[in-house]
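Trainee:
Numbering (the working numbering), first residue to last: 127 to 788.
(1) Quick one: what's got a C-beta closer than 6 Å to residue 319's C-beta in the same chain, skipping five residues either side?
(2) Relative to the C-alpha of residue 246, which candidate in 698, 708, 722 and 703 has its C-alpha closest?
(3) Quick one: using the 10 Å Cβ neighbour count with 16 as the cut-off for buried, is residue 172 buried or exposed?
(4) Based on the DSSP secondary-structure assignment, which residues constitute the bridge partners of residue 277?
(5) How is the alpha helix (DSSP H) around residue 267 delimited, first residue to last?
(6) Please classify residue 570: does DSSP put it in a helix, a strand, or coil?
(7) Spatial neighbours of residue 640 within its chain, please: CB distance less than 6 Å, with the 5 preceding and 5 following residues excluded, ordered by chain position.
(8) Run through the segment 148-226 for me and flag every whole alpha helix (DSSP H) of 4 or more residues, listed as ranges in chain order.
(9) Between residue 611 and residue 182, is the Cβ-Cβ spacing less than 8 Å?
(10) How would you call residue 273, buried or exposed, if buried means at least 16 neighbouring beta carbons within 10 angstroms?
(11) Per the contact definition of three or more C-beta pairs closer than 8 Å, is the segment 584-596 in contact with the segment 462-479?
(12) Would residue 307 and residue 369 be called neighbours here (beta carbons separated by less than 8 Å)?
(13) If residue 212 sits next to residue 304, beta carbons under 8 Å apart, how far is it from one beta carbon to the other, in whole angstroms?
(14) When you compare each of 252, 159 and 726 to residue 214 by their alpha carbons, which one comes out closest?
(15) Counting C-beta neighbours from all protein chains within 10 Å, is the total for residue 256 16 or more, i.e. buried, or is it exposed?
(16) Rounded C-beta distance between residue 556 and residue 449? I'm assuming under 8 Å.
(17) Check this for me: beta carbons of residue 657 and residue 579, under 8 Å apart or not?
(18) Taking the alpha carbon of residue 424 as the reference point, which residue from 554, 179, 687 and 340 has its own alpha carbon closest?
(19) For residue 491, which residues of its own chain have a beta-carbon under 8 Å away from its beta-carbon, when the five flanking residues on both sides are left out?
(20) Go to residue 537, then tell me how far its beta strand (DSSP E) extends in each direction, as first and last residue.
(21) State the start and end residues of the unbroken beta strand (DSSP E) segment that holds residue 558.
(22) Just to confirm my understanding: we take residue 548, look at its own chain, exclude 5 residues before and 5 after, and list those with CB closer than 8 Å. What are they?
(23) Can you give the Cα-Cα distance for residue 208 and residue 137, rounded to whole angstroms?
(24) If you check the beta carbons only, do residue 653 and residue 746 fall under 8 Å apart?
(25) Please name the residue or residues paired with residue 424 in a DSSP beta bridge.
(26) With DSSP run on the structure shown, which of helix, strand or coil describes residue 475?
(27) Near residue 679, which residues of its chain fall below 7 Å by C-beta distance, leaving aside the five closest residues on each side in sequence?
(28) Just to confirm the assignment, what range does the beta strand (DSSP E) spanning residue 369 have?
(29) From residue 471 to residue 551, what does the alpha carbon distance come to, in whole angstroms?
(30) Give the straight-line distance between the Cα atoms of residue 434 and residue 284, rounded to the nearest whole angstrom.
(31) Between which two residues does the alpha helix (DSSP H) harbouring residue 464 extend?
(32) Report yes if the CB atom of residue 865 is closer than 8 Å to the CB atom of residue 752, and no otherwise.
(33) Below 8 Å between beta carbons: does that hold for residue 264 and residue 768?
(34) In three-state terms, what does DSSP make of residue 726?
(35) Using CA coordinates, which residue listed in 617, 703, 298 and 325 is at the minimum distance from residue 146?
(36) Answer with buried or exposed for residue 352, where buried requires no fewer than 16 other C-beta atoms within 10 angstroms of its C-beta.
Right, here's the structure in full:
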């Protein structure tokens with residue numbers, strides 16, 4: 127829908143100009159030829175400014191850039207096709223089949239506005255007449271108009287600041303698939319793990335709205351991490367991949383996930399986490415805090431402090447976990463070499479005795495007749511004697527006789543360390559959590575960050591938010607740079623077109639108007655500001671809104687070149703261009719409304735579908751364009767023309783030509 131709206135803008139400008147010329151008395155062939163000649167540079171400049179808004183987006187880095195790169199590519203192709211259509215095919219077809227649809231009143235108005243005689247604006251009828259007469263009053267007070275506009279802008283920004291719904295990285299889309307992660311702790315056998323996961327499976331299969339369930343089990347730590355974002359809990363023992371039923375035939379996924387959590391909550395000894403498979407750029411859990419420090423003890427202590435804060439003091443979080451080693455102990459055995467040497471034994475002999483209690487002493491290998499692999503033959507104590515306390519009863523044979531093993535070995539329990547992660551030479555750990563439904567991840571990140579700033583930490587410890595927050599900041603920074611680059615390219619194009627810095631800045635001010643409209647609309651509709659989709663919509667809007675101003679400014683300059691005075695040129699240009707401006711705005715808005723309200727029309731299958739898995743992706747983008755255009759268009763028609771009456775506008779770089787005789 128967005129591409130269709132862009133496609134018709136240049137076409138509307140050509141057709142409207144040709145229709146007005148036919149109303150003035152030209153035949154259809156001459157009218158379309160003249161329209162192509164007069165509107166060539168305005169249409170080319172409009173297309174170029176729109177392309178300038180999307181070109182920087184081709185350099186979007188990272189996974190998000192790979193996800194969004196197709197949008198600017200398609201826009202460039204569509205706009206190139208629209209320029210070719212408007213400037214080549216349309217004039218040819220118009221010259222062959224064109225027909226004026228102007229009424230008698232339109233013909234009279236068109237002839238009055240295009241002539242060199244003085245126009246009595248009281249004689250112009252219809253909406254155009256009312257608009258021009260109101261504009262004539264505003265032209266007497268351009269400073270007041272500008273002041274009122276400034277007050278309106280300030281009021282909108284203040285209103286948005288007080289009533290905005292927060293910021294999110296990507297839209298909260300409806301998933302087609304999800305995963306259920308089952309975690310448990312303890313020295314569990316494969317059969318015990320299977321039994322625990324089957325308990326969860328029994329509950330999951332009873333939840334309506336699920337089409338297929340695929341179960342996998344493994345011992346804790348046996349899962350392979352695909353990447354840092356799609357990591358699994360360290361104590362995970364089972365995973366379900368769930369395929370949901372068709373979106374149109376089931377309830378929302380959030381309700382399905384909530385029922386899974388509720389059904390599995392009474393199961394003892396396990397923790398169940400439900401994650402949807404993200405359709406957009408993957409970010410992992412909503413809150414991901416990375417903690418680094420030069421020593422393992424410091425990063426361990428910091429991670430524990432943050433975890434306790436999330437568990438006990440922060441609300442709105444669930445599925446809290448961290449990458450600290452799982453609870454457990456390991457026994458550290460130290461052999462007193464001096465004492466062992468005094469009794470005439472060594473470390474190898476002591477180690478062999480300890481192996482009787484643990485893994486056993488390897489005495490040989492055996493390969494069965496029906497196998498290609500060898501089997502270890504190990505000697506161990508009976509099962510009931512394989513305990514830590516048994517080591518105190520062991521005796522080791524020495525030249526001096528049997529010596530208690532405890533005389534040679536000291537035993538100490540230490541916390542078990544299953545893995546150590548280092549990043550850039552620092553020890554690193556993660557603390558992660560998801561937010562409950564209805565809570566924005568960005569708000570919890572800010573809350574946690576404020577708490578971190580108030581605490582006293584070791585100087586060497588550092589904290590960094592990863593995942594969605596990191597991607598959100600990177601996307602925001604890139605879109606900000608892309609917007610600046612786009613405005614610079616537009617500035618170059620407009621200066622080349624108008625040969626006037628004042629008119630260029632005046633045209634670019636419409637971008638600010640459209641952004642103000644987006645903020646106002648989002649505050650009224652209660653939408654969340656999506657960094658990717660709303661930000662992309664604002665960048666796209668910047669390329670769209672300047673189009674009307676270019677055509678309006680070009681008409682004003684042509685009036686001045688024919689010798690018409692500034693005020694009269696402003697009124698005539700505004701009266702002539704109000705219809706195409708409203709037409710392009712209305713067609714763009716109407717083209718985006720189905721996207722904004724999630725209506726999908728399938729002409730081939732003759733279906734009209736409301737909502738869908740991916741339709742929600744484009745709601746915020748289309749809404750941003752709609753709200754920006756709806757706010758900017760009337761403001762442009764009221765604010766921009768009076769500003770032409772300022773002194774810089776009257777001193778246009780092209781000197782007025784002598785007024786032609788009537």
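All C-beta atoms, glycine included, are put in the ideal place defined by N, C-alpha and C.
Mentor: By the coordinates alone:
(1) Stepping through the chain shown from its first residue, residue 319 is reached at position 193. Around residue 319: 343 and 363.
(2) Position 120 of the chain shown holds residue 246. Answer by Cα proximity: 698.
(3) In the chain shown, counting from the first residue as 1, residue 172 sits at position 46. Answer is buried; the Cβ neighbour count reaches 16.
(4) As a position in the chain shown, residue 277 is number 151, starting the count at 1. DSSP lists no partner for residue 277.
(5) Start at 1 with the first residue of the chain shown, and residue 267 comes out as number 141. Neither: residue 267 is in no alpha helix (DSSP H) and is coded neither H nor E.
(6) Locating residue 570 in the chain shown gives position 444, where the first residue counts as 1. Residue 570: helix per DSSP, three-state reduction.
(7) The sequence position of residue 640 within the chain shown is 514, counting from 1. Only 667, 671, 754 and 758 meet the Cβ criterion.
(8) 154-164, 166-180, 188-194, 196-210 and 216-223
(9) By one-based count along the chain shown, residue 611 stands at place 485. By one-based count along the chain shown, residue 182 stands at place 56. Contact flag set, yes.
(10) Stepping through the chain shown from its first residue, residue 273 is reached at position 147. Exposed is the call here.
(11) no
(12) Position 181 of the chain shown, counting from 1, holds the residue named residue 307. Position 243 of the chain shown, counting from 1, holds the residue named residue 369. Not in contact: residue 307 and residue 369 (Cβ atoms no closer than 8 Å).
(13) Numbered from its first residue, the chain shown carries residue 212 at position 86. Numbered from its first residue, the chain shown carries residue 304 at position 178. Contact flag wrong, Cβ pair sits at about 47 Å.
(14) Working through the chain shown from its first residue, we reach residue 214 at position 88. Answer by Cα proximity: 159.
(15) Along the chain shown, read from residue 1 onward, the residue named residue 256 stands at position 130. Exposed, because fewer than 16 other Cβ atoms sit within 10 Å of the Cβ of residue 256.
(16) If you number the chain shown from 1, residue 556 lands on position 430. If you number the chain shown from 1, residue 449 lands on position 323. Their Cβ separation, rounded to whole angstroms, is 5 Å, which keeps residue 556 and residue 449 in contact under 8 Å.
(17) For the purposes of this step, residue 657 is taken as the residue at position 531 of the chain shown. For the purposes of this step, residue 579 is taken as the residue at position 453 of the chain shown. It is not a contact, given that the beta carbons lie outside the stated cut-off.
(18) Here residue 424 refers to the residue found at position 298 when the chain shown is read from its first residue. Comparing Cα positions, the closest option is 554.
(19) The sequence position of residue 491 within the chain shown is 365, counting from 1. Cβ neighbours of residue 491 beyond the five flanking positions: 500, 501, 502 and 503.
(20) Here the question's residue 537 lines up with position 411 in the chain shown. Where residue 537 is concerned, the enclosing beta strand (DSSP E) stretches over 535-541.
(21) If you number the chain shown from 1, residue 558 lands on position 432. From DSSP, the beta strand (DSSP E) with residue 558 extends over 552-561.
(22) Taking the first residue of the chain shown as 1, we reach residue 548 at position 422. Cβ neighbours of residue 548 beyond the five flanking positions: 554.
(23) Along the chain shown, one-based indexing puts residue 208 at 82. Along the chain shown, one-based indexing puts residue 137 at 11. Straight-line spacing of the CA atoms in residue 208 and residue 137 works out to 8 Å.
(24) Your numbering for residue 653 matches position 527 in the chain shown. Your numbering for residue 746 matches position 620 in the chain shown. Yes. Within cutoff.
(25) Here residue 424 refers to the residue found at position 298 when the chain shown is read from its first residue. Paired residues: none, contrary to the question.
(26) One-based indexing of the chain shown puts residue 475 at position 349. Of the three classes helix, strand and coil, the one that applies to residue 475 here is helix, per DSSP.
(27) One-based indexing of the chain shown puts residue 679 at position 553. Excluding sequence neighbours, residue 679 sits near 624, 629 and 633.
(28) Numbered from 1 along the chain shown, position 243 holds the residue referred to as residue 369. That run of the beta strand (DSSP E) goes 362-370.
(29) Counting from 1 along the chain shown, the entry for residue 471 is found at position 345. Counting from 1 along the chain shown, the entry for residue 551 is found at position 425. Rounded to whole angstroms, residue 471 to residue 551 spans 41 Å at the Cα level.
(30) Translated into the one-based positions of the chain shown, residue 434 becomes position 308. Translated into the one-based positions of the chain shown, residue 284 becomes position 158. Their backbone Cα atoms lie some 37 Å apart in a straight line.
(31) If you number the chain shown from 1, residue 464 lands on position 338. Annotation: the continuous alpha helix (DSSP H) that includes residue 464 extends over 463-468.
(32) Only positions 127 to 788 of the chain appear in this structure, which leaves residue 865 out of reach.
(33) Counted from its first residue, the chain shown places residue 264 at position 138. Counted from its first residue, the chain shown places residue 768 at position 642. Closer than 8 Å, so yes.
(34) Numbered from its first residue, the chain shown carries residue 726 at position 600. Three-state DSSP puts residue 726 in a strand.
(35) As a working mapping, residue 146 is identified with position 20 in the chain shown. Looking at the Cα atoms, 703 is the closest of the given residues.
(36) Reading the chain shown from its first residue, position 226 is the one you call residue 352. In this prediction, residue 352 has a pLDDT of 38, which is less than 50 and means its spatial position is unreliable; what the coordinates show is noted afterwards. By the neighbour-count rule (16 or more Cβ atoms within 10 Å), residue 352 is not buried but exposed.
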